[in-house]
Amino acid sequence: MLKFAANLTWLFTEVPFLQRFALAAKAGFPAVECLFPYQEQIADVQQAQKASGIPVVLINAPAGEWENGQRGLASLPDAGEPFRHSVRLAREYAVALGCKQIHIMAGNREESITFDEQYALLIERLRYAADYLMADNIRVLIEPLNNDNMPGYFISSFPLAEKIIHQCERKNIFLQFDVYHCQKIHGNLWANLQHYWPLISHIQIASVPERHEPNKGEVNYPWLFQQLVIKNYPGWIGCEYQPENETFSGLGWLGKNIKAFS
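If you read the sequence shown in the numbering used here, its first letter stands for residue 4, the second for the next number, and so on.
If you want it as structure tokens, here you go:
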């Protein structure tokens, strides 16, 4: 059985954020995820989630000054306290929402220090986050991002993410496997998914290269979904795509695949 989660940062943007929970439930999604819920008060997000009756399965930790180009704090020099604050805030929201996965963004490559120095900072801070969140049984996720969509992002390949996870030596650090990013970075999608399978806690989907609904483009999603069923994938599949038109009008793929793979 496959379980799909609507990404509320990308889907149902026709209405304000808090109203998107109800629309996701109405559309047939059994869960939601989002990038940054922090523009809303915890109690308000919690109320919207409870009213919808569906869980929140993934959030991102605050990623710094997004409007000024920051894409995470975990590897940035002189960002130790802002990073720790971001982890604490993410935990507050996650605990309130019953969410057990937090994506921590690494940040962009910082040329003021060497790659090895920045890498060491990232390892240190991911270990801190993993240790801090362990008591709440929350997983830390990291995600490689392609350089077309996220120029300069520190974790820009799946082998690097694999190395980071192993070097952190924490049982609650996992890989967020975004099909769109993997196909853009490496191709050879199924071989890569099988290789990284033991590290994967969450999968995200979108068409390639347009990043629209997962029903066209380079990736044969019906075949991929069938392989995930065969492998008994236990996690969630986050729908992180830009609707080609209005969100509801593009959801024909969802009902078809829920029926086929549930």
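A virtual CB, placed ideally from N, CA and C, is assigned to each residue, including glycine.
On the CB-based measure, 16 or more other CB atoms within 10 Å of its CB, does Asn-175 come out buried or exposed? buried
Would you tell me roughly how many angstroms separate the C-alpha atoms of Trp-200 and Ala-8, rounded to the nearest one? 20 Å
Segments assigned beta strand (DSSP E), at least 3 residues, entirely inside the segment 58-87: 59-63
Nearest by alpha-carbon distance to Asn-149: which of Arg-142, Leu-61, Arg-74, Pro-237 is it? Arg-74
Assigned exposure category for His-106 - 16 Cβ within 10 Å defines buried: With 16 or more Cβ atoms within 10 Å of its Cβ, His-106 is classed as buried.
Just how far apart, CA to CA, sit Met-137 and Val-98? 12 Å
Going by the DSSP bridge assignment, what does Asp-181 pair with across the sheet? Gln-207
Determine the contact status of Ile-126 and Gln-170, defining contact as a CB-CB distance below 7 Å. yes
Does the segment 47-54 come close enough to the segment 18-36 that 3 or more CB-CB pairs lie under 8 Å? yes
Would you mind sorting Met-4 into buried or exposed? The rule is 16 or more other CB atoms within 10 Å of its CB. Exposed, by the Cβ-count rule.
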